[in-house]
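The block underneath contains the structure these notes are about, expressed in structure tokens.
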Amino acid sequence: MVLALSLIASARGSCATILWLIAAILVIAGILTIVRGGVLAGVALIIIGLLVGPGGVSIFSCGR
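Take a look at the structure:
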């Protein structure tokens, strides 16, 4: 799903915006999961969020 959104967004030039939104949602979900007691799942969501985000460690190229 993330790859499909990335491909659609890159065609319109808003790839970075969509990746920021997905990354933010994943990190917030990870924090909420940790607060609720799911430490391992929360950490996994945060790491995935950092990998998806368009920052320095993004796994997507955003058309660069």
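In the numbering used here, the protein residues as written are 93 to 156.
Quick reminder that beta carbons are idealized off the backbone N, C-alpha and C, glycines included.
Residue burial annotation: residue 110 is buried, with at least 16 other C-beta atoms found within 10 angstroms of its C-beta.
DSSP, read as helix, strand or coil, puts residue 129 in coil. Of the other Cβ atoms in all chains shown, fewer than 16 fall within 10 Å of the Cβ of residue 117; this residue is therefore exposed. Contact between residue 144 and residue 123 does not hold, since their C-beta atoms are separated by about 15 angstroms, which reaches or exceeds 8 angstroms. In this model, residue 129 and residue 107 are separated by some 33 angstroms (Cα to Cα). Beyond the five residues adjoining it in sequence on each side, residue 136 comes within less than 8 angstroms, by CB distance, of 122 in the same chain, given in chain order.
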